[in-house]
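S.K.: In my numbering, the protein residues as written are 90 to 385.
The structure is given below, and queries will be raised subsequently.
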């Protein structure tokens, strides 16, 4: 091999090495720059690490984002979080008040659903609340979520469309009580049941009209969990659900002795101790007309 060829070959590999190192330096610089720019997003992800972003509204001076505890909205209880950020600096905006209202647009009518107030989460930069959807979307009958708040002295109204999907298990029921009133009861927790005595939470609302629901206070929700496929056996150490003033929901204890399908039979007792819906489970009457279903 000639001296010229040896020199050319060495020079080629030297230039190739320099080229690779140069490109590696560029990639590293870009990576570090992106990491620095995304510090604020990383902080937000830490606060909302268990939530899923499903809707973003981008306006000229703000960005509104809506997160869900689940990957998809579903019939029954849905825990949601809402952030509002300044469009210029991406800083979180604190509002004196932000309101929301779910509305189902149907062929001949509109109706709402039970929902909580939207409140600032404790020591967090977002607002949180929940909505209980009684039914899923249909082809041309859909849920929408209306927001209203005041920003920079101006009233703002925004409406977003929602994709609410059906569930295979019963987690909410609408019913008429023996008192002639219409109610909605919904399963809230545990979302991940375990073979133990679980903390159980449920919500109970009275329908004032098609657009308004009020929290029912000081009732009692009796529970009787059973496994229909296992001789309809029950479980020990359950505690009926009683009203909690702070959360405006009902808490009790749910005992689950094994994995599988459970039917949580319910009886709703009013503040006078009178049964307004649901039946006691006996050998002859194996289930209540009012119940939740879980499977794990």
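Note that CB positions come from ideal geometry on N, CA and C, so glycine has one too.
Keep in mind the model is a prediction, meaning the values are calculated, not measured.
From residue 346 to residue 285, what does the alpha carbon distance come to, in whole angstroms?
M.R.: Indexing the chain shown from 1 puts residue 346 at position 257. Indexing the chain shown from 1 puts residue 285 at position 196. Distance between the alpha carbons of residue 346 and residue 285 is about 6 Å.
S.K.: Helix, strand or coil for residue 379 per DSSP?
M.R.: As a first step, residue 379 must be located in the chain shown, where it is residue number 290. Residue state, collapsed to three classes: coil.
S.K.: Per DSSP, residue 235 is paired with what?
M.R.: Residue numbering aside, residue 235 sits at position 146 when the chain shown is read from its first letter. Its beta-bridge partners are 190, 248.
S.K.: Hey, residue 348 and residue 256 are a contact pair by Cβ (cut 8 Å); roughly how many whole angstroms apart?
M.R.: Looking up residue 348 in the chain shown gives position 259. Looking up residue 256 in the chain shown gives position 167. Not confirmed; about 19 Å, so no contact.
S.K.: List the DSSP bridge partners of residue 309.
M.R.: Position 220 of the chain shown, counted from the start, is the residue given in the question as residue 309. DSSP lists 331, 358 as partners of residue 309.
S.K.: Taking residue 291 as the reference, which of 299, 318, 342 has the closest Cα?
M.R.: Stepping through the chain shown from its first residue, residue 291 is reached at position 202. Comparing Cα positions, the closest option is 342.
S.K.: For residue 140, list the residues DSSP reports as bridge partners.
M.R.: As a first step, residue 140 must be located in the chain shown, where it is residue number 51. In DSSP, residue 140 forms no bridge with anything.
S.K.: Just list the residues that DSSP pairs residue 175 with in beta bridges.
M.R.: What you label residue 175 is simply residue 86 of the chain shown in a count that begins at 1. Partner(s): 151.
S.K.: For residue 381 versus residue 276, is the C-beta spacing smaller than 7 Å?
M.R.: Residue 381 sits at position 292 when you count from the first residue of the chain shown. Residue 276 sits at position 187 when you count from the first residue of the chain shown. Cβ distance < 7 Å, so residue 381 and residue 276 count as in contact.
S.K.: Excluding sequence positions up to five away, which residues of its chain have a Cβ less than 6 Å from the Cβ of residue 263?
M.R.: For the purposes of this step, residue 263 is taken as residue 174 along the chain shown, with counting starting at 1. 223, 273.
S.K.: Buried or exposed for residue 230, going by 16 or more other Cβ atoms inside 10 Å?
M.R.: Along the chain shown, one-based indexing puts residue 230 at 141. That one is exposed.
S.K.: Is residue 96 helix, strand or coil when you go by DSSP?
M.R.: Taking the chain shown and counting its residues from 1, one reaches residue 96 at position 7. Confidence at residue 96 is low in this model, with a pLDDT of 37, below 50, so its placement is unreliable and no value can be given for it.
S.K.: Three-state secondary structure (DSSP) at residue 224?
M.R.: Position 135 of the chain shown, counted from the start, is the residue given in the question as residue 224. The answer is coil: DSSP assigns residue 224 none of H, G, I, E or B.
S.K.: Name the two residues that bound the continuous beta strand (DSSP E) containing residue 286.
M.R.: Taking the chain shown and counting its residues from 1, one reaches residue 286 at position 197. From DSSP, the beta strand (DSSP E) with residue 286 extends over 286-298.
S.K.: Would you check if the distance between the CB atom of residue 373 and the CB atom of residue 332 is smaller than 7 Å?
M.R.: Here residue 373 refers to the residue found at position 284 when the chain shown is read from its first residue. Here residue 332 refers to the residue found at position 243 when the chain shown is read from its first residue. Their beta carbons are not under 7 Å apart, which means residue 373 does not touch residue 332 by this criterion.
S.K.: As a quick exercise: from 384, 148, 337, 300, pick the residue whose alpha carbon is nearest that of residue 293.
M.R.: Mapped onto the chain shown, residue 293 falls at position 204. Answer by Cα proximity: 337.
S.K.: Assess contact between the region 358-371 and the region 307-317, defined as three or more Cβ pairs (one per stretch) separated by less than 8 Å. Is contact present?
M.R.: The region 358-371 vs the region 307-317: in contact.
S.K.: Looking at C-alpha atoms only, which residue of 137, 243, 233, 173 is the closest neighbour of residue 158?
M.R.: For the purposes of this step, residue 158 is taken as residue 69 along the chain shown, with counting starting at 1. The shortest C-alpha separation from residue 158 is found at 137.
S.K.: Locate the beta strand (DSSP E) running through residue 370, then write down its first and last residues.
M.R.: Counting from one through the chain shown, the residue named residue 370 turns up at place 281. Segment: none, residue 370 is in no beta strand (DSSP E) and carries neither H nor E.
S.K.: Tell me where the beta strand (DSSP E) around residue 277 begins and ends.
M.R.: Here residue 277 refers to the residue found at position 188 when the chain shown is read from its first residue. Start and end: 271-278.
S.K.: Give the secondary structure of residue 135 by DSSP, where H, G and I count as helix, E and B as strand, and everything else as coil.
M.R.: The sequence position of residue 135 within the chain shown is 46, counting from 1. Residue 135 falls in the helix class under three-state DSSP.
S.K.: Pick from 247, 335, 268: whose alpha carbon is nearest that of residue 154?
M.R.: To locate residue 154, count along the chain shown from 1; it is residue 65. Closest by alpha carbon: 247.
S.K.: Figure out for me which residue from 371, 384, 265 has the closest Cα to the Cα of residue 364.
M.R.: Along the chain shown, read from residue 1 onward, the residue named residue 364 stands at position 275. Of the listed residues, the one whose Cα sits closest to residue 364 is 265.
S.K.: Within 10 angstroms of the Cβ of residue 254, are there 16 or more other Cβ atoms? Answer buried if so, exposed if not.
M.R.: Working through the chain shown from its first residue, we reach residue 254 at position 165. That one is exposed.
S.K.: Mind checking whether residue 187 and residue 204 have CB atoms under 7 Å apart?
M.R.: Position 98 of the chain shown holds residue 187. Position 115 of the chain shown holds residue 204. For residue 187 and residue 204, no; Cβs fall outside 7 Å.
S.K.: My output table needs one value for residue 319: the three-state DSSP class, helix, strand or coil.
M.R.: The count along the chain shown starts at 1 and reaches residue 319 at position 230. Looking at residue 319 - three-state DSSP - the assignment turns out to be helix.
S.K.: Residue 325 and residue 344 look like a contact to me (Cβ under 8 Å); what is the Cβ gap, rounded to whole Å?
M.R.: Here the question's residue 325 lines up with position 236 in the chain shown. Here the question's residue 344 lines up with position 255 in the chain shown. So it is a contact: roughly 6 Å between Cβ atoms.
S.K.: Just the C-alpha distance for residue 301 and residue 295, rounded to the nearest angstrom, thanks.
M.R.: Numbered from its first residue, the chain shown carries residue 301 at position 212. Numbered from its first residue, the chain shown carries residue 295 at position 206. C-alpha separation (whole angstroms): 9 Å.
S.K.: Check each candidate in 145, 315, 167, 195 and name the one with the smallest Cα separation from residue 278.
M.R.: Start at 1 with the first residue of the chain shown, and residue 278 comes out as number 189. Ranking 145, 315, 167, 195 by Cα distance to residue 278 puts 167 first.
S.K.: Where DSSP assigns a beta bridge to residue 262, which residues make up the other side?
M.R.: In the chain shown, residue 262 corresponds to position 173, counting from 1. Looking at the DSSP assignment, residue 262 forms a beta bridge with 274.
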